[in-house]
Amino acid sequence: MAALDAGTSGTERDALGGAGLAGAGPPSAGQDLAQRGTWRPALSAFARNRVAITGLGLVSLIALFCFAGPVFYRTNQVTVQLNLATLPPSNGHPLGTDPSGYDVLGRLMLGGQSSLELGLAVSLATTIVGTLYGAIAGLAGGIVDAIMMRVIDTFLAIPSLVFLLILVNLFTPNLWIIILLITMLSWLTSARLVRGEVLTLRTREFVQAARMMGAGGWRIIVRHLVPNSIGVILVNATFTIADAILILSALSFLGLGLPPPHADWGTMLTNGLNYLFDGYWWLVYPPAIILIITVVAFNMIGDAIRDSLDVRLQRP
Amino acid sequence: MTRYLAQRAGQAAVVVIGLMILTFIMIHLEPGSAARSTLGVRATPGRIAIFNSTYGLNQPLYRQFLTYIDQVLHGNLGTSYSLQIPVSTLIAQRLPRDLLLLGLSTVLALLIAVPLGIYQAVRRGGVSDHVLTGASFTLYSTPDFLFAILLIALFSVQLHLLPPEAPQASSVGGMLADPRALVLPVATLALVTVASYSRYMRSSAIDVLAQEYIRVARAKGLPQRLILLRHVLRNSLLPVVTLVGLSFSWIVAGAVIAEEVFNYPGMGLLFYQAATTHDFPVLLGSTLVVGVATVIGNLAADVAYGILDPRIRYGRT
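Set out below in structure tokens:
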């Protein structure tokens, strides 16, 4: 199996490379998790994966920056102060100020709060709705499944941004409406993925056995189908956070994002881009960099979870 | 194969009917009435009544739906509120330009992503693989609009190499006559897609490289170049074909942004302008056209998959 070995050694090398780093930390975590046999290999593979640790570290740092930052770094983000507009970075304002006189560093923290909250809320809602819909369709099969899937196909046929632009026009956007609208678009993928998993799972012996013992549809979904598709669900949930943050920034760029009292990285970036050619670089690069790093970090975590749960990649 | 295709075509037809229902529902979700939007806030009740009876808006919903389907099937997508031009005329003008933009950028993206993905798969775990993976992650995570504007800042403002605006010619031929102006819009759209295509190609090629037939090819002494060309390329392209079909809808989303930035006179810009001026007939007409195009794209991807992979043909007949 030379070719196969050559193919898998990448992850192995990753894992071995990270072993020195991870070896000191996680053994106790590993012992705690020993009771949950199925999780242990995946979790330890995840902990040994450098990409995973980097992604997780970055996300924690950014969350700390956004939510704990304002406690230590107090700025005025409420009243416009035109006498302080577009000041370059200085001791008082490490990242300068924007055209309304808001401190950019403080605004990054505030904007990050809405971007992260939105990403998490969309991901949570998407996961719940998508998982249930997919599991019900997959378990029901036949005509019910066919109808449920054609509904998804219909929604998927419309490009998400196009759909979102129409919907944003129908409702007055606020944080909740935007969470709802982005969720309406992203649950489709997770429903399809979960259905795919359920289609293979429902023929397996343990599901048949559960059914034979008289378990109802709901119990089979909650106790057997969902826990066994958790890998796919988790990976998709992570990617959804990243995508939601990007979609919000695209909406902000098109002028249909969160309305003014809110701050978010996409809006900051869009406003900053108007000043790019005036040399106000501190209005463009800080939000751009933190936005990209956040999205990259969530994608890294998603990728790493996928790698650590993918049995085929793990066993040579 | 025929049965499978018939089945898929049937599903696609159902989806198209679903799309019509969906766009019809959205027309009726429009706040205020079509008459108000078209005639303005100062229109008298009498004029509104005349408008409603002219356009059949005073009829029961199911009749309106049947009329709507009848009109759509006859190519009548309504008239733009703001431009007073039939939506079908607007779309007929814009669609060819979009095919140019989407076609060029997809071809470019594939030309870059396919070799890149295979290269990364072969060098898996090496320094170059890590660097390229990092690059594609970053590319994928960068908002399209930022990308487009940074390209303008670099190539138009700093280096004065390329114009910042897309060609404004009315025909596709005229647009091709100004190739320099096409570079930035096409590059923006291609770079966004390269990131995900190459990731996909990489994992697909890794799967193929682990197959036994590759081992056999190696064992019989086939040179690496031939292994990659004959076995890895063809087999790992399979999932990418489906991806290209499926990615149509987010390429269109990217096109909305790219066309807005570069003022590219395509469907995306039409759509964006309609969205900001609440021009519902245009919004829904173009949504329907793009939706149907997506369905056709997915169907075409399925057919291509069947042609490229004989196992599917045998399996389904």
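Protein sequence lines correspond, in order, to chains D and C. According to the working numbering, the first sequence is numbered sequentially starting from -12. According to the working numbering, the second sequence is numbered sequentially starting from 1463. Ideal Cβ placement from N, Cα and C applies to all residues, glycine included.
Opening and closing residue of the alpha helix (DSSP H) in which residue i lies
i                           : result
histidine 211 (chain D)     : Where histidine 211 (chain D) is concerned, there is no enclosing alpha helix (DSSP H), given that its DSSP letter is neither H nor E.
aspartate 90 (chain D)      : First-last for aspartate 90 (chain D): undefined, no H or E at that position.
aspartate 1532 (chain C)    : 1523 to 1535
tyrosine 1734 (chain C)     : 1729 to 1738
arginine 307 (chain D)      : Residue 307 (chain D) is absent from the model: chain D starts at -12 and stops at 303.
arginine 1784 (chain C)     : This structure leaves residue 1784 (chain C) out entirely; chain C is present only between 1463 and 1779.
threonine 171 (chain D)     : According to the sequence provided, residue 171 (chain D) is methionine. The question's threonine does not apply to it. Looking at the DSSP string, the run of the alpha helix (DSSP H) that includes methionine 171 (chain D) is 162 to 188.
glycine 259 (chain D)       : 252 to 260
methionine 1637 (chain C)   : 1634 to 1638
phenylalanine 264 (chain D) : Per DSSP, phenylalanine 264 (chain D) belongs to no alpha helix (DSSP H) and is neither H nor E.
arginine 1664 (chain C)     : 1641 to 1671
tyrosine 1767 (chain C)     : 1742 to 1770
tyrosine 1466 (chain C)     : 1464 to 1491
methionine 199 (chain D)    : 192 to 199
proline 57 (chain D)        : 56 to 59
valine 1593 (chain C)       : 1589 to 1603
Chain C contact for residue i (CB, 7 Å cutoff)
i                        : result
asparagine 36 (chain D)  : no
serine 239 (chain D)     : no
isoleucine 288 (chain D) : no
leucine 175 (chain D)    : no
threonine 225 (chain D)  : no
valine 307 (chain D)     : With chain D covering only -12 through 303, there is no way to say anything about residue 307 (chain D).
alanine 291 (chain D)    : no
alanine 144 (chain D)    : yes
leucine 8 (chain D)      : Unreliable placement is indicated for leucine 8 (chain D), whose pLDDT of 32 sits below 50; the coordinate value is still reported in the next sentence. No - not a single Cβ of chain C is within 7 Å of the one on leucine 8 (chain D).
valine 181 (chain D)     : no
valine 360 (chain D)     : Because chain D is modelled from -12 through 303, residue 360 (chain D) falls outside the range shown and cannot be assessed.
isoleucine 279 (chain D) : yes
Closer than 7 Å to chain D by CB, residue i
i                            : result
threonine 1604 (chain C)     : yes
serine 1480 (chain C)        : For the sequence presented, residue 1480 (chain C) should be read as glycine rather than serine. Closer than 7 Å: yes.
leucine 1684 (chain C)       : no
glycine 1753 (chain C)       : yes
leucine 1621 (chain C)       : no
phenylalanine 1599 (chain C) : yes
threonine 1541 (chain C)     : no
alanine 1475 (chain C)       : no
alanine 1762 (chain C)       : no
serine 1590 (chain C)        : no
phenylalanine 1609 (chain C) : no
leucine 1731 (chain C)       : no
valine 1718 (chain C)        : yes
threonine 1749 (chain C)     : yes
Heavy atom of the ligand NAD within 6 Å of residue i beta-carbon
i                       : result
tyrosine 1675 (chain C) : Of the ligands one can find in the structure shown there are none, so the ligand NAD has no counterpart to examine.
Contacts around residue i, its chain only, beta-carbon distance under 6 Å, and the 5 residues preceding and following it disregarded
i                       : result
serine 1567 (chain C)   : Val1648, Leu1651, Ala1652
tyrosine 1659 (chain C) : Ala1571, Ala1575
leucine 256 (chain D)   : Pro274, Ala275
glycine 1537 (chain C)  : Ser1550
glycine 201 (chain D)   : none
arginine 1692 (chain C) : none
Three-state secondary structure assigned by DSSP to residue i
i                        : result
proline 1548 (chain C)   : strand
valine 283 (chain D)     : helix
threonine 66 (chain D)   : coil
glycine 12 (chain D)     : In this prediction, glycine 12 (chain D) has a pLDDT of 36, which is less than 50 and means its spatial position is unreliable; what the coordinates show is noted afterwards. Correct three-state label for glycine 12 (chain D): coil.
threonine 1506 (chain C) : coil
threonine 1568 (chain C) : helix
threonine 159 (chain D)  : coil
threonine 227 (chain D)  : helix
threonine 84 (chain D)   : strand
threonine 1541 (chain C) : strand
valine 1706 (chain C)    : helix
Close beta carbons around residue i, own chain, < 8 Å, minus the five adjacent residues each side
i                        : result
glycine 12 (chain D)     : Low local confidence applies: a pLDDT of 36 at glycine 12 (chain D) is under 50, so the model's placement there is unreliable, with the coordinate-based value given in what follows. Once the five neighbours on either side are set aside, the close Cβ partners of glycine 12 (chain D) are Ala34.
glutamate 45 (chain D)   : A small fix is needed here, since residue 45 (chain D) is leucine in this sequence, not glutamate. Ile280, Thr281, Val283, Ala284, Met287.
glutamate 1627 (chain C) : Ala1643, Phe1724, Asn1725
arginine 293 (chain D)   : Gly218, Val222
Same chain, Cβ closer than 7 Å to residue i, five either side skipped, listed in chain order
i                         : result
valine 1744 (chain C)     : Ser1542, Val1549, Leu1552, Leu1732, Ala1736
leucine 43 (chain D)      : Ile288
methionine 1637 (chain C) : Arg1559, Leu1562, Pro1629, Ala1631, Leu1644
7 Å Cβ cutoff, residue i in contact with chain E
i                     : result
valine 1670 (chain C) : The displayed structure is made up of protein chains D and C, and chain E is not among them.
Taking 8 Å as the threshold, find out whether the segment 82 to 102 of chain D comes into contact with the segment 63 to 72 of chain D through three or more Cβ pairs. yes
Report yes or no: do three or more beta-carbon pairs, one from the segment 116 to 136 of chain D and one from the segment 169 to 185 of chain D, lie closer than 8 Å? yes
Should the segment 1603 to 1621 of chain C be regarded as contacting the segment 236 to 255 of chain D, the criterion being three or more beta carbon pairs within less than 8 Å? yes
Using a Cβ distance threshold of 8 Å, determine whether the segment 130 to 149 of chain D contacts the segment 1471 to 1481 of chain C, with at least three qualifying pairs required. yes
Counting pairs of Cβ atoms below 8 Å between the segment 1579 to 1597 of chain C and the segment 1743 to 1759 of chain C, do you hit three or more? no
Touching by the beta-carbon criterion (3+ pairs, under 8 Å), the segment 1763 to 1771 of chain C and the segment 1704 to 1718 of chain C: yes
Any contact of the segment 155 to 167 of chain D with the segment 93 to 112 of chain D, i.e. 3+ C-beta pairs under 8 Å? yes
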